[in-house]
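S.K.: There's a structure below that I have some questions on.
In the numbering used here, the protein residues as written are 25 to 121.
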């Protein structure tokens, strides 16, 4: 059982217990619950890679500097080649010094 499946099971069990105790009402309708669960059934890396596949910057949104600033994809051309790399937003805005 995957971690997502385990969490879903825990959520259903907890919800069932709370409903039996009449402590709370449903926060979302059943249809929304099922839609979310179907999304969570996909492996997290596949869900994320679908989003990243639309850009040549495969690491976009995954890299952050020690100060928490995101890294931005950039590139340079040398001869016939294209070299892609990521640079910290802090360096881009304020320089290295």
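Cβ coordinates follow ideal geometry from the N, Cα and C atoms, glycine included.
#1: Helix, strand or coil for residue 105, going by three-state DSSP, please let me know.
#2: Residue 62 by DSSP, collapsed to three states: which one?
#3: Closest to residue 100 by CA distance: which of 108, 30 and 93 is it?
#4: So what does DSSP say about residue 55, is it helix, strand or coil?
#5: On the premise that residue 95 lies in contact with residue 111, defined as a C-beta separation below 8 Å, what is that separation, rounded to the nearest angstrom?
#6: How many whole angstroms separate the CB atoms of residue 114 and residue 91, which I take to be in contact at a CB cut-off of 8 Å?
#7: Alpha helix (DSSP H) containing residue 113: first to last residue?
#8: When DSSP labels each residue in this structure, what does residue 90 get in the three-state scheme?
#9: Distance check for residue 60 and residue 118, CA to CA, integer angstroms please.
M.R.: For this structure:
#1: Residue 105: strand per DSSP, three-state reduction.
#2: In the structure shown, residue 62 sits in a helix (DSSP, three-state: H, G or I).
#3: Closest in alpha carbon position to residue 100, among 108, 30 and 93, is 108.
#4: Three-state result, residue 55: helix.
#5: Contact holds; Cβ gap of about 6 Å.
#6: Between residue 91 and residue 114 the Cβ distance is about 6 Å, and since that is below 8 Å, they are a contact.
#7: Residues 113 to 118.
#8: If DSSP states are grouped into helix, strand and coil, residue 90 belongs with coil.
#9: If I take the Cα positions, the gap works out to 41 Å.
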